[in-house]
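Peer 1: Chains as they are written, first to last, in our numbering: chain Y, 636 to 878; chain S, 636 to 878.
Cβ atoms here follow ideal geometry from the backbone N, Cα and C, with glycine treated the same way.
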């Protein structure tokens, strides 16, 4: 039986999704919970990894089990075992052609900037940045929309052979309040650090340190070493994976 | 110069206020920050300790420094050094008769219960409890108002000689939404675990496991060993100290 799980996690206390040694990671906690349920080591496949401190509201994973457990019972059981900063929202039994990563048609990420004073309760859920010209950022963010080679916005360690052409369907800024900005990015997929580096470039534009033509330049040069700001993971949320 | 600081902290990642060995505590972080600023070990006095995981929106501390630093500059400097789950909201230079603990006239604590489904982003900021008869709790919470010997609601390890007579000025429940309850307690002072044990008793009443007369019984018997529920620290906030 192939199981598809949709889950939320607060990334604050995780060293990212993927297992690495004994660090506390989301994958490790899920594998531990599945081991309690089945007494087996189950291999799990996420739609993609999330970095250290990055949150998820709609991460999707799949895995195969011999057991046929009704979804509602499965959900209750795994949520009882998981720590309370991970929560399974939906359990579905899917066809074995389904793959959390390869079947994904698009992904939505959101990033939150708080323009106000620092608040210790929000410090792991937003980035505090002020003095931004939002009008300039509204113009600049549109430059990401469309099919581009995003290599210039990827991690500097990216493999040369990797396909870095991606399509961004939507990229926009919502003013949630006087003090809070929400950035929405929907696209076929995003490279490691891509959203945090696109956000970094937008902040440079908003602060007047770069012109919006800097974004076109990075897209054109395809060189991730052109220096630009990387925003931290705390403000970033994997919001939804569409299949 | 005597400095009075009003601060907020997210208790999620602290083992309480008070220094204990090498654990991460609020006191340790503040002393470290003051050491960076002054190169000295400064003794600090809080209005009271908070337990593991308990949050603060208006904790108050005082300490003495030889240096005369303007409050606005002091605030900027210490906030730059402190980790981002502690934030100093206000710095004041006060008369040396001021004492954070002994000058306090009353304290306000708040506790939050979420009646809905668990959400990993809120799990460190509320207690999830459902099936509560709020009408019964509304009646029961009034029994705490007034001057009582609260020994029965203190930690079982409480010193026999300690004065446990306290006055509660206000105790009430606000329905913030269909799913969220706010409990407000204002009083001259609260014993270790007192709010979490009063909350535990209220939840027993709300669930129909105890009658509200149980609260009167615990107040009358003054025995902290009469078994009752203790709610966890995640839902508790030191909201304000009044001088």
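Consult DSSP for residue 786(Y) and reduce its assignment to one of helix, strand or coil.
Peer 2: Reading the first chain from its first residue, position 151 is the one you call residue 786(Y). DSSP places residue 786(Y) in helix when its eight states are reduced to three.
Peer 1: In chain S, which residues lie with their C-beta within 8 angstroms of the C-beta of residue 766(Y)?
Peer 2: As a first step, residue 766(Y) must be located in the first chain, where it is residue number 131. Going along chain S, no residue has its Cβ under 8 angstroms from residue 766(Y), so there is no contact; the nearest lies around 16 angstroms.
Peer 1: Report all residues from its chain with a CB closer than 8 angstroms to the CB of residue 830(Y); omit the five preceding and five following residues, and keep chain order.
Peer 2: For the purposes of this step, residue 830(Y) is taken as residue 195 along the first chain, with counting starting at 1. The beta carbon of residue 830(Y) sits closer than 8 angstroms to those of 744, 746, 820 and 871, all from its chain and outside the five residues before and after it, given in chain order.
Peer 1: What in chain Y is Cβ-close to residue 756(S), meaning under 7 angstroms?
Peer 2: As a working note, residue 756(S) is residue 121 in the second chain. Per Cβ cutoff of 7 angstroms: 645.
Peer 1: What residue range does the beta strand (DSSP E) around residue 709(Y) cover?
Peer 2: Counted from its first residue, the first chain places residue 709(Y) at position 74. From DSSP, residue 709(Y) is part of no beta strand (DSSP E) but of the alpha helix (DSSP H) over 706-716.
Peer 1: Name the chain Y residues that come within less than 7 angstroms of residue 722(S), Cβ to Cβ?
Peer 2: For the purposes of this step, residue 722(S) is taken as residue 87 along the second chain, with counting starting at 1. The contacting residues are 753, 754 and 755.
Peer 1: Per DSSP, residue 822(S) is paired with what?
Peer 2: As a first step, residue 822(S) must be located in the second chain, where it is residue number 187. Residue 822(S) is bridged to 742(S) and 803(S).
Peer 1: If you count every other CB in all the chains shown that lies within 10 Å of the CB of residue 640(Y), and 16 or more means buried, which is it?
Peer 2: The sequence position of residue 640(Y) within the first chain is 5, counting from 1. Residue 640(Y) comes out buried.
Peer 1: Use the C-beta contact count for residue 721(Y): other C-beta atoms within 10 angstroms, 16 or more gives buried, fewer gives exposed.
Peer 2: Against the first chain, residue 721(Y) aligns to sequence position 86. It is buried - the Cβ of residue 721(Y) has at least 16 other Cβ atoms within 10 Å.
Peer 1: Which residue marks the beginning of the alpha helix (DSSP H) containing residue 698(Y), and which one marks its end?
Peer 2: The residue given as residue 698(Y) occupies position 63 in the first chain. Note, residue 698(Y): premise wrong, no alpha helix (DSSP H); beta strand (DSSP E) at 690-699.
Peer 1: As a quick exercise: from 787(Y), 806(Y) and 835(Y), pick the residue whose alpha carbon is nearest that of residue 920(Y).
Peer 2: With chain Y represented from 636 up to 878, any question about residue 920(Y) goes unanswered, as that position is not in the structure.
Peer 1: Below 7 angstroms between beta carbons is the criterion; list the residues of the segment 717-743 of chain S that meet it against any residue of chain Y, in chain order.
Peer 2: When C-beta distances to chain Y are compared with 7 angstroms, the residues of the segment 717-743 of chain S below that value are 719, 720, 721 and 722, in chain order.
Peer 1: Which one of 682(Y), 704(Y) and 644(Y) has the shortest CA to CA distance from residue 669(Y)?
Peer 2: As a working mapping, residue 669(Y) is identified with position 34 in the first chain. It is 704(Y).
Peer 1: Hey, is the segment 798-809 of chain S in contact with the segment 777-787 of chain S, meaning 3+ C-beta pairs nearer than 8 angstroms?
Peer 2: The segment 798-809 of chain S, when compared against the segment 777-787 of chain S, does touch it at the 8 angstroms Cβ threshold.
Peer 1: With a 10 Å radius around its C-beta and 16 neighbouring C-beta atoms as the bar for buried, classify residue 834(Y) as buried or exposed.
Peer 2: Here residue 834(Y) refers to the residue found at position 199 of the first chain. It counts as buried.
Peer 1: According to the Cβ coordinates, are residue 700(Y) and residue 679(Y) closer than 8 angstroms?
Peer 2: As a first step, residue 700(Y) must be located in the first chain, where it is residue number 65. As a first step, residue 679(Y) must be located in the first chain, where it is residue number 44. It is not a contact, given that the beta carbons lie outside the stated cut-off.
Peer 1: Below 8 angstroms between beta carbons: does that hold for residue 735(Y) and residue 689(Y)?
Peer 2: Translated into the one-based positions of the first chain, residue 735(Y) becomes position 100. Translated into the one-based positions of the first chain, residue 689(Y) becomes position 54. No, these two residues do not count as a Cβ contact at 8 angstroms.
Peer 1: When the distance is taken between beta carbons, is residue 806(S) closer than 8 angstroms to residue 769(S)?
Peer 2: For this step, residue 769(S) is matched to residue 134 along the second chain. For this step, residue 806(S) is matched to residue 171 along the second chain. Going by C-beta atoms, residue 769(S) is not nearer than 8 angstroms to residue 806(S).
Peer 1: Cα-Cα, which of 659(Y), 683(Y) and 698(Y) is closest to residue 675(Y)?
Peer 2: Position 40 of the first chain, counted from the start, is the residue given in the question as residue 675(Y). Comparing C-alpha distances from residue 675(Y) to each of 659(Y), 683(Y) and 698(Y) shows the shortest one belongs to 698(Y).
Peer 1: Taking the alpha helix (DSSP H) that residue 750(Y) belongs to, which residues open and close that run?
Peer 2: Position 115 of the first chain, counted from the start, is the residue given in the question as residue 750(Y). Per DSSP, residue 750(Y) lies in no alpha helix (DSSP H) and is assigned neither H nor E.
Peer 1: Based on DSSP bridge pairs, tell me the residues matched to residue 727(Y).
Peer 2: Residue mapping note: residue 727(Y) aligns to position 92 of the first chain, counting from 1. According to DSSP, which records beta bridges pairwise, residue 727(Y) is partnered with 639(Y).
Peer 1: Since residue 839(Y) contacts residue 849(Y) with CB under 8 angstroms, what's their CB separation in whole angstroms?
Peer 2: On the first chain, residue 839(Y) is found 204 positions in, with the first residue counted as 1. On the first chain, residue 849(Y) is found 214 positions in, with the first residue counted as 1. With 8 angstroms as the limit, residue 839(Y) and residue 849(Y) qualify as a contact, their Cβ atoms being about 7 angstroms apart.
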